[in-house]
Structures are given as structure tokens and as C-alpha cells.
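Numbering (my numbering), first residue to last: 4 to 611.
Think of the CB as a built atom: it goes at the ideal place given N, C-alpha and C, for glycine as much as any other residue.
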RNA sequence: CGGGAUGUAGCGCAGCUUGGUAGCGCACUUCGUUCGGGACGAAGGGGCCGCAGGUUCGAAUCCUGUCAUCCCGACCA
């Protein structure tokens with residue numbers, strides 16, 4: 004390809020809409036253009052990158068025995084009602100674009116394809132003899148993100164590879180899950196990305212085991228906590244750690260554990276309370292009030308107890324709540340803090356926030372249009388406290404020396420606390436968690452039988468009975484991956500694509516096209532490279548050399564061949580974009596020198 | 001949806017406080033000089049100043065409303 008024919012428009016200034024380096028560079032280098040929030044045109048260079056990523060994904064999925072397919076993006080609401088996800092995905096902050104057709108039928112624009120593929124499987128797969136099957140597709144997904152961000156990182160329309168596997172038993176699912184795990188590691192390595200696998204929350208999709216693949220980069224939206232020995236890594240949403248032991252509270256139980264009143268005027272925060280009375284945060288039980296909204300309209304007040312020095316992990320909380328009430332009330336739509344304002348809106352009496360204790364009665368909920376009793380949850384660290392300080396449920400008053408039984412409460416500990424960097428690891432208390440940031444580019448799940456049961460997707464077993472499929476699902480954000488590659492591979496001058504996914508492999512730059520010797524030699528080398536099967540780009544523009552060098556750096560083509568002053572003597576210069584080095588060599592030696600290197604780099608970071 | 005900011009040429013911005021002919025840099029077109037790290041000179045083209053009302057002799061500028069975009073939180077590949 005010739006640059007003069009490439010529709011290349013590069014920008015000298017950073018567009019104001021971009022925040023992170025990869026987004027700025029993709030815009031500046033002419034790879035993408037924004038059409039609306041979260042909606043982008045992939046310009047020809049970008050499309051070449053996306054096709055290369057897709058090709059790697061395709062090759063590895065095919066090698067892992069998966070079958071490529073293409074499923075509809077317009078999906079009938081009925082299908083989603085059968086899985087129970089229609090309301091959760093459309094109402095409230097649901098992310099599915101949905102519409103009515105001319106017959107007034109409801110349709111959704113596919114944010115994911117579990118429903119479609121499960122109904123298809125139910126149709127086609129009748130016998131255990133046909134299993135296992137792993138179907139995948141690479142296509143555009145639509146999600147009405149609450150806040151699209153960072154270019155392709157969080158778009159409302161993006162390219163995804165999604166795969167769904169069907170099995171006769173759990174062991175077979177686990178086997179395919181492991182095969183996908185290996186395939187994913189190969190995919191990211193082949194694309195030249197450093198990625199780490201972390202334990203993850205399975206979120207809205209549901210299911211049991213789940214693992215995310217994170218491209219490490221400072222601009223990543225996710226916080227990863229990992230042990231230095233490499234044996235444990237998890238998304239903070241999911242991470243577990245050992246909390247520091249609580250400092251025992253002096254003075255023992257008071258009033259048989261019912262606690263003695265402690266005057267705490269204006270001490271509404273843990274810090275003020277501790278400072279005022281020489282207490283440690285770990286000696287305090289703090290209480291958070293929240294309201295969980297369910298699909299069926301049920302509004303459930305939550306009373307969450309945490310040890311004073313701990314933070315709530317909202318993902319763990321949401322899982323605990325939907326685990327307890329989801330079966331009865333449908334999807335959990337939202338969990339929000341109860342505030343003085345929201346209490347008033349619900350028609351409830353004001354509460355002494357800052358002085359709440361776990362013994363807060365249900366009676367105050369009466370007449371508020373919400374469930375009449377709290378769902379009471381306590382984190383392990385709070386439940387394990389034998390003697391503690393807590394709010395007295397009156398302004399300016401706490402209780403000293405209370406215990407759970409003394410307050411007349413029985414609590415079961417649940418993991419609700421957010422693990423923090425620096426805390427001890429569960430698998431080895433000598434290790435401490437370290438934090439890093441990552442961009443989630445892949446996620447694999449063992450879904451189990453959630454969807455197949457909901458949608459009545461069954462097959463006949465060897466014994467002749469009918470059972471729902473065991474399912475797995477496996478996603479890769481193709482367009483996100485491409486941008487994540489830029490985030491991981493760039494410098495002050497522009498992009499440094501890993502060769503395996505670069506739009507072109509070699510850029511031939513005649514320093515001065517007006518120089519007949521340079522133009523002729525550059526043209527010859529360009530032809531030779533194409534002949535040799537190298538994806539070459541020739542910068543034939545009558546620009547000054549400096550402009551072409553700057554643009555070349557910005558574009559990030561891995562190799563640059565400069566045909567300049569030495570052209571008359573048949574000498575050219577070879578520059579590797581990612582390295583600082585460059586060296587001169589005879590033009591006749593170029594192919595012999597370059598080809599083995601290009602071939603090696605086409606394998607990305609794959610060893611051997 | 002809550003909090004913050006911004007809408008002026010393709011991109012980046014000034015002008016607005018104190019109303020009076022719409023500007024700068026980059027990009028684009030033509031000519032000349034230059035030619036290995038975003039050249040220089042000359043000449044040009046391009047604007048419903050987000051939109052709608054209002055105030056005024058007169059509005060990019062003041063007032064009201066509205067829409068859009070971006071940033072901070074909840075969502076996810």
C-alpha cells in the first residue's frame with residue numbers, strides 16, 4: 004500500500020475528547036474517528052489491526068476445537084424473558100438497547116448471546132453423543148453503557164469474540180474451560196500482549212468459576228491484587244485477604260454484653276470516635292444501611308455490619324444479597340446507600356446516622372413501602388468480634404463493651420470486606436498483596452446449568468434421561484484488545500505495535516521522492532518486500548523527510564526502511580520502531596536481514 | 001441519574017469580564033524557495049459563534065430555556 008492512497012489524516016494536537024495515551028494516539032494517527040459517544044468508525048488502518056487480532060483469535064479457537072458461527076444481533080424479548088434477564092437488562096440501568104418493531108414486538112440489540120445460543124443448542128443438540136460443542140463468533144456487540152469512556156475501551160458498539168460451550172457433565176465443562184484458558188494465554192501472547200489471569204467475579208452473567216485476563220497498564224480501569232509469588236491474583240472485586248487481627252477491647256463486657264452508654268457528642272465518624280476515646284477502629288462495629296431494588300419491585304433494606312477498619316466490597320455485597328433473595332424476587336437491579344434524603348422519600352423517620360448499631364430494630368421500617376424487616380449481614384471480621392463498640396441508635400451516643408449475644412443478635416459471618424494492597428494473603432500469610440492496574444480483555448466462565456435450566460435446554464443422557472446442558476462462556480474484547488495493545492506499547496512519539504497485530508509490518512520511506520535514485524530504490528525494495536510476503540507500506544508522499552518520520556513514529560509500523568543519502572551507493576537504513584537502534588546496510592542484504600526477524604515477530608511473545 | 005466543566009472553521013484554542021465589521025496556530029488550495037526529524041515566504045478558500053427565545057439601535061459577548069459533549073461515581077469485553 005502507498006501512503007498517498009491510504010486516506011491517512013494525522014493530527015498534530017491531542018484531540019480534547021481523549022484522556023488516555025492509547026485513545027489520543029489512535030485518534031491522532033488516524034486509526035479511529037468518533038461518531039457519537041462510545042461509537043467509533045474503524046478507519047482502514049484500524050480495520051487491518053482488528054482483522055489481524057481476529058485472525059489470531061480465530062486460529063486459536065479453531066485449534067481448540069471450537070466452531071465459528073454468526074448469531075443474530077436483533078433478539079426477541081421473549082427469549083430474554085425466558086432466561087429471566089429481560090427486565091434486568093432493559094429496566095433501570097440496564098445496558099441493552101431495545102426497540103419495538105412495526106408489529107410492536109419487542110426486540111433487543113444483543114449485548115451478549117447466551118439466550119440465542121442456548122435456544123439454538125436446545126434445538127439442535129439432542130443427545131450426549133453430540134457433546135461437547137463449543138460455538139464462537141466474532142461480531143459487534145451493543146451495550147448502552149452508562150458512561151462510555153476511553154475510546155474503544157468502553158464503547159457502546161464494540162467487537163467481541165464470544166464462545167459458548169455445551170457439555171454433558173461438569174467434568175467435561177471443566178476440561179473445555181481449561182482448554183480455553185490455554186487458548187487465551189496463547190492468543191494474548193501471539194498478539195504481543197503481557198496479560199495476567201486473575202480470579203474474577205462472575206457478575207451479571209452468573210455462574211461459578213470465572214477468570215479474567217488483564218493486560219497490565221497504568222490506565223487500566225481494574226485494580227488487580229496479586230501475591231509476589233505469583234500463586235494468587237484476583238480482581239479487587241473478588242479478592243480475599245487476611246485482615247489484620249483486631250486489637251482486643253480493654254474492660255471486657257459491659258452490662259453482660261448489652262453495652263454501657265458512652266457519650267460521643269458529635270463523633271459521627273470512626274476517626275472522631277476513636278480519637279475521642281482512645282479506641283482502635285478494629286474495636287468498633289460500624290453499620291451501613293442500604294436499599295436493594297429487585298426486578299419484581301421488592302425493595303429490601305439492608306443492614307450491613309463491618310469492623311470499623313474495614314471497607315465494604317459492593318460486589319461481594321450484591322452477590323450475597325442476590326444469593327439470598329434472587330430466587331424469590333428476580334434480578335437485583337441496584338444497591339444504593341440509604342441516606343437521610345432517601346429515607347424521607349420512602350416516607351420513613353429520620354435516623355441518627357453516625358450512631359447506628361447492629362441492634363437497630365425493624366420497627367422503624369413500618370409504613371415505608373419497603374420490606375418490613377432488614378436483611379442483616381455481617382462481615383466475618385465484625386462477626387468474630389467478641390467485645391466491641393457500636394452505635395446506640397441515638398444521637399451522640401455509642402455502646403461500650405457490647406457483644407453480639409448481649410445485644411440479642413445472632414450473626415453469621417459473610418465475606419463482605421474489600422481486600423486492600425499490603426494485606427496478608429490467604430494461601431500464605433507471609434506474602435502480602437500487591438496492587439497493579441489492568442485492562443480486562445478476556446473473561447472465561449463456567450456457567451453451569453443456570454441458562455440451560457432457565458431456558459429448558461436439555462439433552463438425552465447415556466442413561467436415557469433428560470438433563471440440562473452444562474455450559475461455559477468465553478469472551479474476548481477484540482476492539483478493546485487492540486487499544487490495550489497501544490496502551491501497553493507506545494512511547495512519546497507514538498504507537499509501537501507488536502508486529503503480529505500491526506497494520507503493516509514494514510514502512511519504506513524514501514527521504515526525498517524528488518531524488519530519482521531514492522525513489523527508484525525505495526520502489527524496488529517495496530516490491531521485493533511484497534514479493535516476499537511482507538506487508539509493506541511505501542511512503543510515496545512528496546513530504547519532507549521529517550514529516551514522514553514523524554508520521555511513521557506515530558503510526559507505529561514495527562520496521563522502517565529509510566532510503567536516503569546512501570541510495571546512490573545502494574545503502575539503506577533499517578530502524579526498529581520499538582528500539583532506539585538503527586543501522587545501515589546494503590539494500591541487497593535487506594530481505595535476508597529482515598525476513599527472519601519479521602517471521603519471528605509474527606509469533607508475538609509465544610516461545611519456541 | 002447525581003456532582004463538575006465546556007460548546008467559536010476539519011483539529012487545538014483566543015475573543016465574552018466592559019455589547020459595535022469573527023480572530024490565532026495547525027490542516028487545506030496555488031506559486032516560489034527549501035529538502036534526513038512536523039520548513040519559509042506570498043496569495044487564497046473555509047464560520048447560522050450548539051439551538052431557541054429575550055434584552056438592546058446593535059448580541060459570539062448580557063438574561064432565560066434547551067440540547068450536546070467531556071470529566072468524577074454505579075456498568076462491563
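Residue i to residue j span [Cα, whole Å]
{"i": "residue 575", "j": "residue 595", "result": "14 Å"}
{"i": "residue 392", "j": "residue 404", "result": "6 Å"}
{"i": "residue 142", "j": "residue 388", "result": "52 Å"}
{"i": "residue 261", "j": "residue 376", "result": "22 Å"}
{"i": "residue 137", "j": "residue 52", "result": "26 Å"}
{"i": "residue 496", "j": "residue 516", "result": "24 Å"}
{"i": "residue 257", "j": "residue 306", "result": "24 Å"}
{"i": "residue 588", "j": "residue 599", "result": "16 Å"}
{"i": "residue 212", "j": "residue 191", "result": "21 Å"}
{"i": "residue 134", "j": "residue 317", "result": "38 Å"}
{"i": "residue 292", "j": "residue 579", "result": "58 Å"}
{"i": "residue 531", "j": "residue 50", "result": "25 Å"}
{"i": "residue 267", "j": "residue 399", "result": "5 Å"}
{"i": "residue 76", "j": "residue 82", "result": "13 Å"}
{"i": "residue 357", "j": "residue 239", "result": "27 Å"}
{"i": "residue 341", "j": "residue 353", "result": "11 Å"}
{"i": "residue 74", "j": "residue 606", "result": "30 Å"}
{"i": "residue 510", "j": "residue 322", "result": "51 Å"}
{"i": "residue 149", "j": "residue 98", "result": "7 Å"}
{"i": "residue 288", "j": "residue 255", "result": "16 Å"}
{"i": "residue 62", "j": "residue 546", "result": "40 Å"}
{"i": "residue 14", "j": "residue 154", "result": "16 Å"}
{"i": "residue 582", "j": "residue 34", "result": "23 Å"}
Integer-rounded CB distance, given that residue j should sit under 8 Å from residue i
{"i": "residue 203", "j": "residue 214", "result": "6 Å"}
{"i": "residue 480", "j": "residue 187", "result": "With a Cβ gap of about 12 Å, residue 480 and residue 187 do not count as contacting."}
{"i": "residue 512", "j": "residue 553", "result": "Not confirmed; about 11 Å, so no contact."}
{"i": "residue 151", "j": "residue 110", "result": "Going by Cβ atoms, the distance from residue 151 to residue 110 rounds to 22 Å, so no, they are not a contact pair."}
{"i": "residue 415", "j": "residue 386", "result": "7 Å"}
{"i": "residue 381", "j": "residue 417", "result": "7 Å"}
{"i": "residue 177", "j": "residue 464", "result": "Rounded, the Cβ-Cβ distance is 18 Å, inconsistent with contact."}
{"i": "residue 168", "j": "residue 474", "result": "7 Å"}
{"i": "residue 350", "j": "residue 370", "result": "7 Å"}
{"i": "residue 36", "j": "residue 20", "result": "Wrong, their Cβ atoms sit about 11 Å apart, outside the cutoff."}
CB of residue i within 9 Å of CB of residue j, strictly
{"i": "residue 562", "j": "residue 490", "result": "no"}
{"i": "residue 402", "j": "residue 411", "result": "no"}
{"i": "residue 112", "j": "residue 103", "result": "no"}
{"i": "residue 42", "j": "residue 156", "result": "no"}
{"i": "residue 122", "j": "residue 458", "result": "yes"}
{"i": "residue 428", "j": "residue 420", "result": "no"}
{"i": "residue 69", "j": "residue 166", "result": "yes"}
{"i": "residue 437", "j": "residue 245", "result": "no"}
{"i": "residue 499", "j": "residue 559", "result": "yes"}
{"i": "residue 378", "j": "residue 290", "result": "no"}
{"i": "residue 441", "j": "residue 219", "result": "yes"}
{"i": "residue 514", "j": "residue 194", "result": "no"}
{"i": "residue 455", "j": "residue 174", "result": "no"}
{"i": "residue 336", "j": "residue 91", "result": "yes"}
{"i": "residue 333", "j": "residue 365", "result": "no"}
{"i": "residue 285", "j": "residue 269", "result": "no"}
{"i": "residue 144", "j": "residue 506", "result": "no"}
{"i": "residue 373", "j": "residue 304", "result": "yes"}
{"i": "residue 566", "j": "residue 533", "result": "no"}
DSSP beta-bridge partners of residue i
{"i": "residue 479", "result": "164 and 445"}
{"i": "residue 494", "result": "497"}
{"i": "residue 103", "result": "109"}
{"i": "residue 391", "result": "405"}
{"i": "residue 213", "result": "448"}
{"i": "residue 97", "result": "The partner list for residue 97 (beta bridge, DSSP) is empty, contrary to what the question assumes."}
{"i": "residue 227", "result": "238 and 439"}
{"i": "residue 597", "result": "DSSP lists no partner for residue 597."}
{"i": "residue 461", "result": "471"}
{"i": "residue 381", "result": "308 and 416"}
{"i": "residue 145", "result": "160"}
{"i": "residue 76", "result": "Residue 76 is not bridged to any residue."}
Quiz item: For the segment 338-374, which segments carrying the alpha helix (DSSP H) assignment without a break, of at least 4 residues, lie completely within its bounds, in sequence order?
Solution: 343-348
Practice problem: Enumerate, from N- to C-terminal direction, the unbroken beta strand (DSSP E) stretches of 3 or more residues contained entirely within the segment 524-587. | Solution: With a minimum length of 3 residues, the continuous beta strand (DSSP E) runs that stay inside the segment 524-587 are 539-541, 562-566 and 574-579.
Quiz item: Taking the runs of the alpha helix (DSSP H) that are 4 residues or longer, which of them lie wholly in the segment 246-311?
Solution: 273-280
Quiz prompt | Whole beta strand (DSSP E) elements within the segment 9-64, 3-residue minimum | solution = 35-39 and 42-45
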